[in-house]
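Beneath this line is the structure, given in structure tokens, with notes to follow.
There are 2 protein chains.
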Amino acid sequence: MNFQNPSDTICALSTAAGVGAIALIRLSGKDAIAIANQVFSKDLANVKSHTAHFGKLFQGNEVLDEVVVTVYRNPRSFTGEDSVEIACHGSRYIQQEILKLLLQKGARLAGPGEFSLRAFMNGKMDLSQTEAVADLIMSNSRAAHKVAMHQMRGGFAHEINDLRQQLLNFASLVELELDFSQEDVEFADRTQLENLIQQIKLKVNRLADSFRMGNALKNGVPVAIVGAPNAGKSTLLNALLNEEKAIVSEIAGTTRDVIEDTLVIEGIEFRFMDTAGIRETTDRIEIMGIERSFEQIRKASVVLLLFDLKNEKEDIILTQLQNFKATTILDDQLLIAVFNKSDDTNQNQFSKLTGNGIFISAKNRHNLDELKKQLLSAVQDFSFAQDQLIVTNVRHYEILKKCEASLQRVEEGMQNQIPGDLLAMDIRETLYHLGEITGTITNDELLGNIFSKFCIGK
Amino acid sequence: MNFQNPSDTICALSTAAGVGAIALIRLSGKDAIAIANQVFSKDLANVKSHTAHFGKLFQGNEVLDEVVVTVYRNPRSFTGEDSVEIACHGSRYIQQEILKLLLQKGARLAGPGEFSLRAFMNGKMDLSQTEAVADLIMSNSRAAHKVAMHQMRGGFAHEINDLRQQLLNFASLVELELDFSQEDVEFADRTQLENLIQQIKLKVNRLADSFRMGNALKNGVPVAIVGAPNAGKSTLLNALLNEEKAIVSEIAGTTRDVIEDTLVIEGIEFRFMDTAGIRETTDRIEIMGIERSFEQIRKASVVLLLFDLKNEKEDIILTQLQNFKATTILDDQLLIAVFNKSDDTNQNQFSKLTGNGIFISAKNRHNLDELKKQLLSAVQDFSFAQDQLIVTNVRHYEILKKCEASLQRVEEGMQNQIPGDLLAMDIRETLYHLGEITGTITNDELLGNIFSKFCIGK
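If you read the sequences in order, they're chains A and B.
In case it helps, the working numbering puts the first sequence at residues 200 to 657.
In case it helps, the working numbering puts the second sequence at residues 200 to 657.
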């Protein structure tokens with residue numbers, strides 16, 4: 200990809216692959232209008248920006264399709280360049296032939312994310328905003344949508360720039376002292392400086408810490424369902440899925456091919472991972488299966504441990520639960536014990552279990568709401584996410600961890616009264632990293648990495 | 200569906216289902232602009248037709264998405280009604296939430312083909328043209344695209360209306376005679392009338408006859424590959440598919456999920472049907488398999504009969520070929536004998552086979568072009584299809600067959616000098632049928648049948 204001042208014109212199918220009533224093909228670049236003009240029945244050379252034109256698209260002398268062409272003139276387009284959108288009939292054949300035609304007339308097929316890249320290069324969005332566009336397109340739930348939208352609209356960039364500004368002020372003070380180092384002046388009160396770096400560190404920490412939550416919101420909260428085969432794992436999963444699916448599929452056809460074991464509860468996506476039943480065994484193959492189960496459990500944010508009240512004894516259940524908690528569950532994981540196949544009569548017989556988990560009947564859909572409530576408690580912090588910022592992008596997270604490290608060095612340096620020029624170097628490093636998030640600091644490799652993960656047509 | 204003067208506003212996703220950079224949601228009806236105005240950040244009430252507006256879409260107080268809204272004012276829209284197109288970010292979540300939002304504000308989810316139905320009701324297209332729009336969207340090859348495009352642009356309707364006009368003139372003459380029946384006048388020269396009805400019959404016959412070809416062009420030419428398992432059926436299929444696929448997949452991603460055994464040669468689609476090997480057997484299960492093979496062969500337009508030159512004797516091949524031709528191939532089917540595993544040395548040894556089929560090597564891709572040429576000869580009439588009309592729609596075909604029958608009665612009636620009023624009845628019946636093609640004559644049941652087969656969003 201050519202990152203600096205691209206002079207060519209790119210094109211791509213921008214709507215979902217496949218057959219639809221309408222498909223949209225996008226052209227962007229300095230020749231976009233001229234290229235469209237070569238194949239369209241009406242003259243677009245002097246039409247106004249943001250106008251739509253119905254006409255025929257010609258392939259040689261033959262009408263390839265009747266289309267609506269919309270013209271966006273630079274800088275009033277998504278990319279900031281002259282852009283043309285062709286709304287055609289959505290057959291694969293037409294999509295393909297129109298793209299071929301545009302290539303013949305001098306356009307080039309866009310790489311992944313190349314429209315967004317141009318938007319960034321032309322200053323229409325910062326880097327974190329273009330990344331949010333990609334997240335927005337992939338978001339499957341209200342929560343994921345919300346964090347992506349907030350980031351796209353610049354909330355995240357605003358916070359990062361705010362941090363950078365504070366650090367810049369700090370750096371200037373420290374560097375000013377350097378210029379007068381012979382004279383042993385202190386322009387900034389040391390305590391005040393220490394307070395400032397504390398504040399900045401706190402903010403960076405908070406952002407980095409939000410990543411686990413942000414990642415769960417964006418990609419779905421990983422939930423492992425653990426239990427013996429007869430404990431009712433799949434009945435439970437189906438009971439949960441069926442209820443919610445009825446709501447999701449109200450809008451015909453749009454969500455039919457969603458992955459089976461993904462469930463959205465109150466706007467939060469949960470990804471259920473199937474695990475083999477866990478019990479003590481000497482069978483080699485079973486051991487391998489169980490090892491895989493433990494791997495899955497380690498990846499989960501929430502572990503549902505299912506017990507079968509009809510076939511297991513109270514004391515054994517309690518022992519197993521306590522063992523599992525002690526040996527398997529990590530500090531930042533939520534364990535929910537689920538006592539399945541409960542009914543009004545048998546619940547009284549399990550008084551020792553009360554308070555240690557939820558009594559449900561997957562088959563009779565009894566107490567599933569309580570289970571959902573507990574699942575949601577794993578992301579209860581989301582309420583705070585509505586106002587505050589959340590990091591969802593692994594690239595941003597990694598940069599923030601580097602910032603944490605360099606800020607730590609600044610803090611320690613101040614405590615050890617290291618020379619101002621060394622202090623300034625660590626601060627400059629932090630500034631550099633923060634700039635990588637918004638794209639103030641950038642290079643081709645970084646851009647190549649980011650945009651190659653985008654979908655084509657965006 | 201409400202067919203007469205619909206007063207409500209419909210909405211649907213018009214681009215392909217799934218995730219894309221952009222999705223398009225369409226609104227049409229008298230409240231389309233007012234409904235969009237309730238959720239959009241800019242005032243659309245007085246904007247000009249065919250203008251695009253970038254802004255925010257609100258769900259309550261929250262920004263659901265940043266979108267481009269294009270306004271089309273009646274009658275200058277696809278449906279002929281006020282229409283709004285919302286180009287949003289193409290996540291499933293956003294698509295779904297925007298549709299929900301529009302429903303809340305008073306729109307209704309469109310049924311299949313309901314936008315096209317409205318275009319028809321508002322006189323933007325006749326019935327055969329709206330049917331062509333559906334065909335156009337489903338067309339997978341140049342040939343299918345071409346016939347659909349021709350029909351959409353009114354070519355077919357023109358021909359049918361021409362026929363109707365000629366018949367109407369004929370009917371008026373006959374009916375005029377009825378009014379003066381006491382006086383025994385003949386306004387129309389009988390021979391002239393007979394000639395006219397002959398001409399019309401000829402045209403109707405030609406159209407009805409074109410359906411087999413039209414159906415093949417639209418849905419793909421059905422080709423059965425027959426031969427013993429070792430004859431190299433799948434090697435041949437792969438050799439044919441691989442060559443062509445390289446061309447098809449030049450445009451990234453658009454055709455990847457096409458059915459494996461469909462092949463487009465010079466713009467014509469061929470559908471290859473796998474058949475079990477055919478040989479004499481007493482095994483029950485194998486007999487069932489062979490019966491199914493014969494069924495498939497009966498459905499095919501072209502039968503490729505494969506022989507293995509390396510393992511079969513010339514005389515046996517010749518006998519088998521002649522038997523197969525005599526017992527299995529129908530009059531309107533094309534049989535191509537394919538002598539596989541041929542090479543420069545063995546071809547001379549099979550002098551008796553020369554002229555009875557093609558020598559190829561599927562493995563070495565030898566002579567595949569000749570095979571393709573022969574496949575194309577099955578649809579050689581397509582060159583004539585470029586100028587003349589072809590019937591591709593089974594509904595039209597069935598109507599034309601009814602017309603043939605009633606025209607036959609008219610012709611016989613004239614020969615038997617039946618009373619003019621009976622003659623007029625048969626002519627009126629033909630007129631009625633032809634009117635059903637273009638929608639001059641219509642009713643709710645007919646429309647319901649046609650449009651229920653459309654996709655949603657069109």
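Think of the CB as a built atom: it goes at the ideal place given N, C-alpha and C, for glycine as much as any other residue.
Just so you know, these numbers come straight off a predicted model, no measurement behind them.
Can you pull the chain A residues whose beta carbon is under 7 Å from the beta carbon of residue i, in chain order?
{"i": "Lys657 (chain B)", "result": "Ala220"}
{"i": "His357 (chain B)", "result": "By Cβ distance, chain A contributes nothing, its closest Cβ being about 15 Å from His357 (chain B), past 7 Å."}
{"i": "Cys654 (chain B)", "result": "Ala220"}
{"i": "Arg470 (chain B)", "result": "In chain order: nothing, as chain A lies at least about 15 Å away."}
Note down, in chain order, every chain B residue with its Cβ under 7 Å from the Cβ of residue i.
{"i": "Thr641 (chain A)", "result": "What Thr641 (chain A) touches in chain B: nothing, since even the nearest Cβ is about 23 Å away."}
{"i": "Gly289 (chain A)", "result": "Thr214, Ala215 and Ile336"}
{"i": "Met348 (chain A)", "result": "Val262"}
{"i": "Arg317 (chain A)", "result": "The contacting residues do not exist; Arg317 (chain A) stays about 13 Å from chain B at best."}
Give the DSSP bridge partners of residue i, in chain order.
{"i": "Ile557 (chain A)", "result": "A:Val537"}
{"i": "Ile209 (chain A)", "result": "A:Ser227 and A:Arg307"}
{"i": "Val425 (chain B)", "result": "B:Leu504"}
{"i": "Val270 (chain B)", "result": "B:Thr250 and B:Val283"}
{"i": "Ile649 (chain B)", "result": "None, per the DSSP bridge assignment."}
{"i": "Lys255 (chain A)", "result": "A:Glu265"}
{"i": "Ile467 (chain A)", "result": "A:Ile464"}
{"i": "His288 (chain B)", "result": "B:Ile221"}
In chain A, which residues lie less than 8 Å from residue i when you measure between Cβ atoms?
{"i": "Ala251 (chain B)", "result": "His249, Thr250, Ala251, Thr269 and Tyr271"}
{"i": "Arg564 (chain B)", "result": "In chain order: nothing, as chain A lies at least about 25 Å away."}
Tell me whether residue i sits in a helix, a strand or coil according to DSSP, three-state version.
{"i": "Arg564 (chain B)", "result": "coil"}
{"i": "Met472 (chain A)", "result": "strand"}
{"i": "Thr637 (chain A)", "result": "helix"}
{"i": "Leu243 (chain B)", "result": "coil"}
{"i": "Ala438 (chain A)", "result": "helix"}
{"i": "Ile617 (chain A)", "result": "coil"}
{"i": "Ala220 (chain A)", "result": "strand"}
{"i": "Asp264 (chain A)", "result": "strand"}
{"i": "Gly656 (chain B)", "result": "coil"}
{"i": "Val590 (chain B)", "result": "coil"}
{"i": "Asp530 (chain A)", "result": "coil"}
{"i": "Lys152 (chain B)", "result": "Since the first residue shown for chain B is 200 and the last is 657, residue 152 (chain B) is missing from the structure and cannot be characterised."}
{"i": "Gly353 (chain A)", "result": "coil"}
{"i": "Ser550 (chain B)", "result": "helix"}
{"i": "Ile450 (chain B)", "result": "Because Ile450 (chain B) carries a pLDDT of 36, less than 50, the predicted location of this residue cannot be relied on, and no value is offered for it."}
{"i": "Phe583 (chain A)", "result": "The predicted model places Phe583 (chain A) with a pLDDT of 45, which falls under 50 and marks its position as unreliable; any figure quoted below should be read in that light. In this structure, Phe583 (chain A) counts as helix in the three-state DSSP scheme."}
{"i": "Thr544 (chain B)", "result": "coil"}
{"i": "Thr629 (chain B)", "result": "helix"}
{"i": "Phe493 (chain A)", "result": "helix"}
Any heavy atom of the ligand GDP inside 7 Å of the beta-carbon of residue i?
{"i": "Ile589 (chain A)", "result": "Among the components of this structure there are no ligands whatsoever, and the ligand GDP is therefore not found."}
So the alpha helix (DSSP H) residue i belongs to, where does it begin and stop?
{"i": "Thr526 (chain B)", "result": "Glu513 to Thr526"}
{"i": "Ile336 (chain B)", "result": "Leu326 to Met337"}
{"i": "Phe410 (chain A)", "result": "Arg389 to Asn418"}
{"i": "Lys323 (chain A)", "result": "Lys323 (chain A) -> no alpha helix (DSSP H), and no H or E assigned at all."}
{"i": "Val578 (chain B)", "result": "Counting along the chain, Val578 (chain B) falls outside any alpha helix (DSSP H), and DSSP gives it neither H nor E."}
Note down, in chain order, every chain B residue with its Cβ under 8 Å from the Cβ of residue i.
{"i": "Leu223 (chain A)", "result": "Thr214, Ile221, Leu223 and Ala286"}
{"i": "Tyr292 (chain A)", "result": "Ser338, Asn339, Ser340, Arg341, Ala343 and His344"}
In chain A, what lies closer than 9 Å to residue i by C-beta?
{"i": "Asn555 (chain B)", "result": "Under the 9 Å cutoff, chain A gives no residues; its nearest Cβ is about 36 Å from Asn555 (chain B)."}
{"i": "Arg307 (chain B)", "result": "Residues of chain A passing the Cβ test: none, with the nearest at roughly 12 Å."}
{"i": "Arg389 (chain B)", "result": "None at all; the shortest Cβ gap to chain A is about 44 Å."}
Check the Cβ of residue i against every Cβ in chain B and list those closer than 9 Å, keeping chain order.
{"i": "Val578 (chain A)", "result": "None at all; the shortest Cβ gap to chain B is about 17 Å."}
Segment contact flag, the segment 348 to 363 of chain A with the segment 636 to 654 of chain A, C-beta cutoff 8 Å, min 3 pairs:
By the C-beta criterion, the segment 348 to 363 of chain A is judged to be in contact with the segment 636 to 654 of chain A, since at least 3 inter-stretch pairs fall below 8 Å.
Does the pairing of the segment 366 to 381 of chain B with the segment 570 to 579 of chain B give three or more beta-carbon distances under 8 Å?
Contact between the segment 366 to 381 of chain B and the segment 570 to 579 of chain B is absent, because fewer than three Cβ pairs lie under 8 Å.
Per the contact definition of three or more C-beta pairs closer than 8 Å, is the segment 208 to 220 of chain B in contact with the segment 208 to 223 of chain A?
Yes, the segment 208 to 223 of chain A touches the segment 208 to 220 of chain B.
Could you tell me whether the segment 316 to 331 of chain A touches the segment 598 to 615 of chain A, where touching means 3 or more Cβ pairs closer than 8 Å?
By the C-beta criterion, the segment 316 to 331 of chain A is judged not to be in contact with the segment 598 to 615 of chain A, since fewer than 3 inter-stretch pairs fall below 8 Å.
Okay, do the segment 240 to 259 of chain A and the segment 332 to 352 of chain A touch, 3+ Cβ pairs below 8 Å being the bar?
Under the Cβ criterion (8 Å, minimum of three pairs), the segment 240 to 259 of chain A does not count as touching the segment 332 to 352 of chain A.
Pair every Cβ in the segment 404 to 422 of chain B with every Cβ in the segment 618 to 627 of chain B, then say whether three or more of these pairs are closer than 8 Å.
With a cut-off of 8 Å, the segment 618 to 627 of chain B and the segment 404 to 422 of chain B do not count as touching, because too few Cβ pairs lie within range.
Can we say the segment 549 to 558 of chain A touches the segment 511 to 527 of chain A, given the rule of at least three CB pairs closer than 8 Å?
Contact between the segment 549 to 558 of chain A and the segment 511 to 527 of chain A is present: three or more C-beta pairs spanning the two stretches fall below 8 Å.
contact_flag[the segment 268 to 284 of chain B, the segment 226 to 243 of chain B] where n(CB pairs < 8 Å) is 3 or more:
Enough Cβ pairs lie closer than 8 Å, so yes.
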